[in-house]
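Top line first, the protein sequences correspond to chains A and B. Position 49, counted from 1, in the first sequence is what full-length UniProt numbering calls 49; the numbers after and before it change by one each time, with no gaps. Position 101, counted from 1, in the second sequence is what full-length UniProt numbering calls 101; the numbers after and before it change by one each time, with no gaps. Using N, Cα and C, we set each Cβ at its ideal position, and we do this for glycine too. Treat the numbers as computed from the prediction; the structure is a model and nothing was measured. The next block holds one structure in the form of C-alpha cells; read it before the comments.
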Amino acid sequence: MNQPDNSVVDRSGAEAGADVTADAVADADAVADAASDPLARELLQSIVDTARAIFGAAASSIFLLDEAAGELVFQAVSGQGEDFLVGRRFPAGRGIAGWVAGSGEPMVVDDLNREQGFARDLAESTQYVPNALMAAPLLDASGVLGVLEVLDPSPQARSDLAELDLLALFARQSAGALRLVTRRQAQGRPGAAGVRAGVRAVEGLDEAGRAAGLVLIDAVRDLLLAGNGHS
Amino acid sequence: MTTDSIEHASAPAEAPPHPAPLPHPPHPARLRSSADPARLTWSLRGRTPGEIALSADGADVTPEWAWGGSTGRGIRVCVVDSGVERDHPDVGTVDGSWVVVGDEDGFRVVPTDTGDMCGHGTACASIVRRLAPDCELHSVRVLGERFSGTGDVLLAGLRWAVQQRFDVVNLSLSTTRAKFAQALHELADEAYFGGTALVASAHNTPVESFPWRFSSVFSVGSHQETDQDLHLYNPEPPVEFFAAGQNVSVAWLGGKTIRTTGNSFATPFVTGTCARILAKHPGLTLFQLKSVLYLTAANVQVDTRGAA
Chain A
1 MNQPDNSVVD RSGAEAGADV TADAVADADA VADAASDPLA RELLQSIVDT ARAIFGAAAS
61 SIFLLDEAAG ELVFQAVSGQ GEDFLVGRRF PAGRGIAGWV AGSGEPMVVD DLNREQGFAR
121 DLAESTQYVP NALMAAPLLD ASGVLGVLEV LDPSPQARSD LAELDLLALF ARQSAGALRL
181 VTRRQAQGRP GAAGVRAGVR AVEGLDEAGR AAGLVLIDAV RDLLLAGNGH S
Chain B
1 MTTDSIEHAS APAEAPPHPA PLPHPPHPAR LRSSADPARL TWSLRGRTPG EIALSADGAD
61 VTPEWAWGGS TGRGIRVCVV DSGVERDHPD VGTVDGSWVV VGDEDGFRVV PTDTGDMCGH
121 GTACASIVRR LAPDCELHSV RVLGERFSGT GDVLLAGLRW AVQQRFDVVN LSLSTTRAKF
181 AQALHELADE AYFGGTALVA SAHNTPVESF PWRFSSVFSV GSHQETDQDL HLYNPEPPVE
241 FFAAGQNVSV AWLGGKTIRT TGNSFATPFV TGTCARILAK HPGLTLFQLK SVLYLTAANV
301 QVDTRGAA
C-alpha cells in the first residue's frame, strides 16, 4: 500500500476560495436579510406550505445558509415547530441538511425513528423527530442558498426517485424566486437609505424649504414607482 | 491485484486464457450520431432498458466476464465525502481516514479519527464494501463540522486523492460555482490519464455542476429498475451511467442501517463495480474501463457476429 502524502498544501484552492468567500458573504448577507423582508418571508412561507401539501408531509422547513457563520438558519416552517423554530441556528456541517447544503445533492432517508444516528440531538431540539426526511438544496449558479426539507412525507414519496426529482425541481424554482427577491431587496436598500437621509435633511429645513423638499421626494418616489411598473 | 485474466499483449504467457478478447470501443461516430445538443438528457426516468436499446460490435463482454468472482482485492478506493464511521459492520476496515483542513497557508490533508459527521460517507462506503468486499478503502472528509461546500475544500480533497493515485475515487457531490470548473476539469483529466477513475454524482434534473459534467469523469445518476444489480448507459449524455439509487439499504451512523434514495447512492454502486472490474482486469486503461461499463450495461446489446 502506498502511504498517502499528507504534506500536500493546496494554495490555489485557498486563493480561489477567497473570491468565493467574498461572494458568499455578500450572498449570505442578502439571503439572511430575507427574514426581515415581508415579501421574502411570504415567499418562503408559501414554499414550505406548498411543499408540505405536495408531499402530504407532517412538516416542511427552509434553512438558509449563513456561510460566514457556518450555520444553517430556520427561515420558514410549515407544520410542527412553525411557531418557535424560525430564527434558530445550527452548524451547517451537521446532519442531513448540512450534507445536502455541502454536496448540492438531494436525498431521502427513511427508517430514522428506529436509529440513533442522524443528528438526533438537532432533531430533538426542534421537538420533532421524523421517521423519514426528504431534503433538496436551494441551488443556483452562485451555489447553495439553503435547503428545503420535508419531514415525514406520505409513504409513497419516501422511496420514489420521481418524488425526489419533484422536490429538487421545486427547490430550484424556489431558489430562483428567492434570489430575485433578495436582489430586489439589495437593490432597494441604498435607495431606502437615501430616502431616510433625505427625510432627515428635510426635517432640518425651514417651513418653505421642507415643503419644497417633500415635493421633490414625492416626485422622485413617483418616478421610481413608475419605473418599477407600479401605477 | 489479481491477474486471473488480462487481455494485454504484454500479459505473461502463463496467464490463464482470456474468455473473450476485449472488443474495440464503440465507434465514436455511433455515439455521436444522436448527440444533438437539444436531445441531451439528464435522466432516464420513465424509459425502460428496451426503449433506450443501444448496439455495439465485438465479443460479448458479459458481467460475468467483466467482474464475475471479483472481490475488488488489491484495488484502492477513496470515498471523498463526510468521512466514514470506523468499525461499522457494513463497512469493515477503513484503511485510511483523512480530512481537509484550511488555514492561512492554504489547505492540507491530514489523518483524522473524527469518523463521519453526517452518515452519508458511511452510507457510500457500505455500498462500495458490499460490491467489492476486499478492496482497500480510504476516506477523505471534505464535508462536516462547518460548512465547506464552496468548492475549495472539495477541490483540495479531490486533488489530494488524485495525487495519491487511488484506483477509484467516489465523489457524491459537486459544485455549481463556475469559477471552480476549470481547475476541476484539469484535475479530472489528470485523474483520467493517471489511471484514477473519478466516479461522480450527477443530477437527475438539468443542473450544471462540476466535476461530473466532464467526459473524463464517470458520471452517475439513479435508475429506478427493480433489479438493483444492473446499470444502464445513457445514449444521450451528459450523464453517462445510471445505477440503483432508489430505496437502497445503507449503513448509517451508530452501526445502524437506513433506507435511502438519491443519485449520491447510485455513484458508489458504479465505484464498487469499477473496483471489481479493475481487480479482475488490472491492465485496463480508463477508456477501456468505461467501455466495459458500456458493454455490460443492461440496455446495450452487443453484436458478436463480427467478432473473431
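Listed along chain A are Trp99, each with a C-beta nearer than 7 Å to that of B:His120. Each residue's CA atom was taken as its position, placing A:Gln173 and A:Leu139 some 9 Å apart. Its Cα nearest to that of B:Val128, the residue B:Gly92 stands out among B:Pro49, B:Gly92 and B:Asp103.
Around the beta carbon of B:Glu64, fewer than 16 other beta carbons lie within 10 angstroms, which makes this residue exposed. Judged by DSSP in its simplified three-state form, B:Gly144 adopts strand. By the Cβ-count criterion, B:Leu143 is buried, with 16 or more other Cβ atoms from all chains shown falling within 10 Å of its own Cβ.
When only Cα atoms are considered, B:Asn204 and B:Val80 end up about 21 Å apart. The C-alpha of B:Val168 is placed about 9 Å away from the C-alpha of B:Val162. About 16 Å separates the beta carbon of A:Asp160 from that of B:Ile258, a gap too long to meet the 8 Å contact definition. Shown here for B:Phe107: same chain residues with a beta carbon closer than 6 Å to its own, the five before and five after excluded, namely Val100 and Ala156 in chain order. For B:Phe241, the secondary structure class from DSSP, reduced to helix, strand or coil, is strand. Taken in chain order, the members of the region 187-209 of chain B whose beta-carbon sits within less than 8 Å of a beta-carbon on chain A are Ser201, His203, Asn204, Thr205, Val207, Glu208 and Ser209.
By the Cβ test, the region 217-236 of chain B is not in contact with the region 72-90 of chain A, since fewer than three Cβ pairs between them sit closer than 8 Å. With contacts defined by Cβ atoms closer than 8 Å, B:Val270 and B:Val199 form a contacting pair. Rounded to the nearest whole angstrom, the C-alpha separation of B:Gly283 and B:Gly195 is 10 Å.
According to the DSSP assignment, B:Cys274 belongs to no beta strand (DSSP E) but to the alpha helix (DSSP H) extending over Asn263 to Lys280. Of all alpha-carbon atoms in B:Phe214, B:Phe166 and B:Val140, the one lying nearest the alpha-carbon of B:Leu184 is that of B:Phe214.
Looking from the CA of B:Phe166, the closest CA among B:Cys78, B:Ala243 and B:Asp189 belongs to B:Cys78. In the three-state scheme derived from DSSP, where H, G and I count as helix and E and B as strand, A:Ser142 is classed as coil. At a cut-off of 8 Å, the C-beta of A:Pro130 has no neighbouring C-beta in chain B.
Excluding sequence positions up to five before and after B:Gly151, its CB lies within less than 7 Å of the CB of Thr175, Arg177 and Phe180, all in the same chain and listed in chain order. Boundaries of the alpha helix (DSSP H) around B:Phe287: Leu286 to Leu295. B:Thr273 places its beta carbon less than 8 Å from that of B:Leu131.
Minimum Cα-Cα distance from A:Ser61 among the listed residues A:Pro38, A:Ala136 and A:Asp37 corresponds to A:Ala136. Going by beta carbons, B:Gly255 and B:Ser222 fall outside the 8 Å limit. Straight across, the Cα-Cα distance linking B:Asp116 with A:Gly87 is about 27 Å. Taken atom to atom, the span from the alpha-carbon of B:Ala202 to that of B:Ser139 is near 20 Å.
The CB of A:Ser159 comes closer than 8 Å to the CB of Gln246, Asn247, Arg259 and Thr261 in chain B, given here in chain order.
The beta carbons of A:Asp83 and A:Val73 sit no closer together than 8 Å.
With a threshold of 8 Å between beta carbons, A:Ser60 makes no contact with chain B. In the structure shown, B:Thr260 falls within a strand segment according to DSSP collapsed to helix, strand and coil.
Note that the C-beta distance between B:Thr267 and B:Val248 is not below 8 Å. One thing to note: B:Glu240 has its Cβ within 8 Å of the Cβ of B:Ser219.
Our two residues, A:Glu163 and A:Ala132, have alpha carbons roughly 13 Å apart in a direct line. Measuring C-alpha to C-alpha distances from A:Ser142 to each of A:Leu148, A:Ala175 and A:Pro155 identifies A:Ala175 as the nearest. Bounds of the beta strand (DSSP E) holding B:Trp252 are Val248 to Trp252.
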